[in-house]
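**Q** Residue numbers (my numbering): 84 to 419. Glycine residues also receive a C-beta, built at the ideal position from the N, C-alpha and C atoms.
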Amino acid sequence: MSYKKVLLNEFGGPEVLQVIEEFNLPEPGVGEVRVKVLAASATFSDTMVRKGIYYGFKETPPLSPGYAMVGVVDKLGAGVNGIEVGQMVADLTVFGAYTEYMLRSADSLVFVPDDVDPAEAVSMVLSYVTAYQMLHRCVKVQSGQKILVHGAGGAVGTALLELGALLNLEMYGTASKAKHELIKRLGGTPIDYNSEDFLADMQTIGGVDAAFDAIGGENFKRSFKSLKKGGTLVAYGFYNQALGKGGNVPIEYMSVALWNMLPNGRGASFYSIGALRDKQPQWFKEDLTALFGLLADGKIKPSIEQRMKLEEAARAHELIEGAMVKGRIVLIVGEK
Ligand SMILES: NC(=O)c1ccc[n+]([C@@H]2O[C@H](COP(=O)([O-])OP(=O)(O)OC[C@H]3O[C@@H](n4cnc5c(N)ncnc54)[C@H](OP(=O)(O)O)[C@@H]3O)[C@@H](O)[C@H]2O)c1
C-alpha cells in the first residue's frame, strides 16, 4: 500500500518541502509500532529543522520534519505488549511526523483518550508540555503570582497563558498588535513590543515572579531585569537568531548560566523539552497525560488558527516564519 509524506532533500526555505509517495508501508521491527498519523503539529521548531539550524540536531537530508504527532496504532512489531491496534497514541518525534505512516518505539508512546480531537491532542505534545514543564517543573509557580510571557500570541505563548489562567496567575504577554485580542481572551495583559518598553512596564508593577523568554539576545537581559527579588527567568529558545536577526547562542546560553550563579537574588535557567525528556522520561509521560486529562475535561482548549493538509506544509511554514499565526497550525493528516 502506498502512502504520502513530506520530504526535504536539502535544508532550505519552505520550497524544499516536497510531497512524495512511498510505495510500501514501513514494517515494525522488534519493540516497534506502526502508527497511522492523524495529526502533526506545524511549529517554529519544525522550520528550524527544515533550515538545518535546530540546535543539537544531527540528522541530515533526506528527512521529513514533524516534531509531534497523534495517530492510531496500525500494526505491532514482535515483543510489543500492552498496546492494541486501533488505540490513539501520541509522541514527541522531533522529526519525521509529516507523513501518513511512521514507525515508533512502543516505549515512547503516550496514550490519548479516545474522545479527544487529534488536532487538539497533538497541540499538547510540544507547545503545551513545554509550557507545563516550565511552569510546574522549572519554576513551580504559585497561584496569584505575576508572570511575563514573550511571544504570547504564538504556540508556546498561548499555552503558557491558558495554563497560567488555571493557576490564577497575573499574566503579561508581549506580542504585535494583531495578537492582542487573543492574549486578552486568554486572560493576559498584552504589551506591544514594537511600541512599548516591557521592562519599564514590569518595573512599574514591582517586577514579576517569572519570565518566559524564547526571543533571545537583548531580550533575555531585559527579561532578567524584569524579575522581582526571588524571581526566575526561564530562557527556552533563540527566535530572533533563527530568523537571522542577530544573537550568539553559546554566549547567550552561558550568560543565562552566569546570571544564575551571581548573588543577585534572582534565578535563571534554560529549558529544553528534549533534554528534560532524556533526563526524566517519566515526567514527559506524566505531564502529557495530565494535559490530555485537562483537555478531555474541557479545562483547556488550544487556539488552533488553521487546520491545513499535509500537502500545505510549505505554506504552513511560510505563515509561521512570517509570524502570521495566532496560536498554532495543525496539519490534518488522516482519519481514524
Ligand atoms: N526549549 C524548548 O523545549 C522549546 C519548545 C518549543 C518551542 N521552543 C522555541 O520557542 C520559540 C517559540 O516557539 P513557538 O512554537 O511558540 O513559535 P510561534 O508560534 O511562531 O510563536 C512565536 C511568537 O513570537 C512573536 N514574536 C516575534 N518577535 C517577538 C518579540 N521580539 N517579542 C515578543 N514576541 C515576538 C511572534 O508573533 P508577533 O511578532 O506577531 O507577536 C510569534 O507569535 C521558538 O524559538 C522555538 O524554537 C523551544
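1. Quick one: what does DSSP say S226 is sitting in, helix, strand or coil?
2. For G376, report the span of its beta strand (DSSP E) as first-last.
3. Would you mind sorting V113 into buried or exposed? The rule is 16 or more other CB atoms within 10 Å of its CB.
4. Would you call I230 buried or exposed, if buried means 16 or more other Cβ atoms sit within 10 Å of its Cβ?
5. Measuring only from the beta carbon, is T272 closer than 6 Å to any heavy atom that is part of ligand 1?
6. When you compare each of L269, G410, V116 to Y184 by their alpha carbons, which one comes out closest?
7. Please determine, among S124, Y137, K158, the residue with the shortest C-alpha to C-alpha distance to G175.
8. Considering only C-alpha positions, which residue in the set D200, E110, G270, T130 is nearest to L186?
9. To test your reading of the DSSP string, which unbroken alpha helix (DSSP H) runs of 4 or more residues are found completely within the stretch 298 to 365?
10. Counting pairs of beta carbons, one from the stretch 124 to 136 and one from the stretch 406 to 417, are three or more of them closer than 8 Å?
11. Measuring alpha carbon to alpha carbon, tell me which residue in M207, P145, S147, L341 is nearest K382.
12. May I ask you to check if the CB of F303 is nearer than 6 Å to at least one heavy atom of ligand 1?
13. Helix, strand or coil for D129 per DSSP?
14. Per DSSP, what are the beta-bridge partners of R117 in this structure?
15. Below 8 Å on the Cβ atoms is my guess for L209 versus G247; work out the distance and round it to an integer in Å.
16. Using 6 Å as the cut-off, classify the Cβ of T257 as near or not near the heavy atoms of ligand 1, replying yes or no.
17. Near G289, what residues of its chain come up, given a Cβ to Cβ distance below 7 Å and the 5 sequence neighbours on each side ignored?
18. Grouping DSSP H, G and I as helix and E and B as strand, with all else coil, what is Q101?
19. DSSP state of V195, grouped into three classes?
20. For my contact list, G256 and V291 are in at a C-beta cut-off of 8 Å; report their separation, rounded to the angstrom.
21. Across the stretch 129 to 137 and the stretch 159 to 174, are there enough close Cβ pairs to call them in contact, namely three or more that are closer than 8 Å?
22. Hey, K423 and V193 are a contact pair by Cβ (cut 8 Å); roughly how many whole angstroms apart?
23. Applying the 10 Å Cβ sphere with the 16-neighbour rule, what's the burial state of T315?
24. Any heavy atom of ligand 1 closer than 6 Å to the CB of G234?
25. Roughly how many angstroms lie between the CA atoms of D280 and K119, to the nearest whole one?
26. Tell me which residues share the same chain as L371 and place their Cβ nearer than 7 Å to its Cβ, disregarding the 5 neighbours each side in the sequence.
27. Using 8 Å for Cβ pairs, my map puts Y215 next to V177. What's the rounded Cβ distance?
28. Within its chain, find whatever has a CB closer than 7 Å to the CB of G417; leave out the 5 residues flanking it on each side and keep chain order.
29. Can you tell me whether V239 sits near ligand 1, meaning its C-beta is under 6 Å from at least one heavy atom of the ligand?
30. Tell me which same chain residues have a C-beta within less than 7 Å of the C-beta of G154, skipping the five on either side of it?
31. Expressed to the nearest angstrom, what Euclidean distance is found between the alpha-carbon atoms of G350 and N302?
32. Buried or exposed: A283, going by 16 or more other Cβ atoms within 10 Å of its Cβ?
33. Measuring CA to CA, which of K304, V156, L100, M152 is closest to P144?
**A** Based on what the coordinates show:
1. Translated into positions along the sequence shown, residue 226 becomes position 143. It is coil, neither helix nor strand.
2. Translated into the one-based positions of the sequence shown, residue 376 becomes position 293. From DSSP, G376 is part of no beta strand (DSSP E) but of the alpha helix (DSSP H) over 364 to 379.
3. On the sequence shown, position 30 is the one that residue 113 refers to. Exposed, since its Cβ has fewer than 16 Cβ neighbours within 10 Å.
4. The residue you call residue 230 lines up with position 147 of the sequence shown. By the 10 Å Cβ count, I230 comes out buried.
5. Stepping through the sequence shown from its first residue, residue 272 is reached at position 189. Not under cutoff, so the answer is no.
6. Indexing the sequence shown from 1 puts residue 184 at position 101. Nearest option by C-alpha distance: V116.
7. Translated into positions along the sequence shown, residue 175 becomes position 92. One detail in the question is off: residue 175 reads as Leu in this sequence, not Gly. Per the Cα distances, S124.
8. The residue you call residue 186 lines up with position 103 of the sequence shown. Nearest option by C-alpha distance: E110.
9. 301 to 308, 322 to 325, 332 to 344, 356 to 362
10. yes
11. Here residue 382 refers to the residue found at position 299 when the sequence shown is read from its first residue. Of M207, P145, S147, L341, the residue nearest in Cα terms is M207.
12. Looking up residue 303 in the sequence shown gives position 220. No, Cβ of F303 sits at least 6 Å from all heavy atoms of ligand 1.
13. Position 46 of the sequence shown, counting from 1, holds the residue named residue 129. Helix.
14. Here the question's residue 117 lines up with position 34 in the sequence shown. In the DSSP output, where bridge partners are listed per residue, R117 has K158, L186.
15. By 1-based counting over the sequence shown, the position of residue 209 is 126. By 1-based counting over the sequence shown, the position of residue 247 is 164. The Cβ separation is near 18 Å, so there is no contact.
16. Counted from its first residue, the sequence shown places residue 257 at position 174. T257 Cβ: within cutoff of ligand 1.
17. Taking the sequence shown and counting its residues from 1, the one referred to as residue 289 is at position 206. Cβ within range, chain order: K311.
18. One-based indexing of the sequence shown puts residue 101 at position 18. Three-state DSSP puts Q101 in a strand.
19. The count along the sequence shown starts at 1 and reaches residue 195 at position 112. Here V195 sits in coil by DSSP.
20. Reading the sequence shown from its first residue, position 173 is the one you call residue 256. Reading the sequence shown from its first residue, position 208 is the one you call residue 291. Not confirmed; about 11 Å, so no contact.
21. no
22. Outside the shown range of the chain, which is 84 to 419, sits residue 423, and nothing can be said about it.
23. Walking along the sequence shown from the start, residue 315 turns up at place 232. Classification of T315: buried, given that the 10 Å Cβ count is 16 or more.
24. Here residue 234 is taken as the residue at index 151 of the sequence shown, counted from 1. Flag set: Cβ of G234 near ligand 1.
25. Along the sequence shown, one-based indexing puts residue 280 at 197. Along the sequence shown, one-based indexing puts residue 119 at 36. For D280 and K119, the distance between alpha carbons rounds to 47 Å.
26. The sequence position of residue 371 within the sequence shown is 288, counting from 1. Cβ within range, chain order: A173, V193, M207, V208, V212.
27. Residue mapping note: residue 215 aligns to position 132 of the sequence shown, counting from 1. Residue mapping note: residue 177 aligns to position 94 of the sequence shown, counting from 1. That belief does not hold up - the Cβ atoms of Y215 and V177 are roughly 18 Å apart, past 8 Å.
28. Your numbering for residue 417 matches position 334 in the sequence shown. Cβ within range, chain order: K119, V120, L121, E183.
29. Here the question's residue 239 lines up with position 156 in the sequence shown. True, at least one ligand heavy atom lies under 6 Å from that Cβ.
30. As a working note, residue 154 is residue 71 in the sequence shown. Excluding positions up to five away in sequence, the list reads V118, K119, V120, L121, V172.
31. Counted from its first residue, the sequence shown places residue 350 at position 267. Counted from its first residue, the sequence shown places residue 302 at position 219. Those two C-alpha atoms are separated by around 16 Å.
32. Here the question's residue 283 lines up with position 200 in the sequence shown. Flag for A283 reads exposed.
33. Walking along the sequence shown from the start, residue 144 turns up at place 61. The residue with the shortest Cα to Cα distance from P144 is L100.
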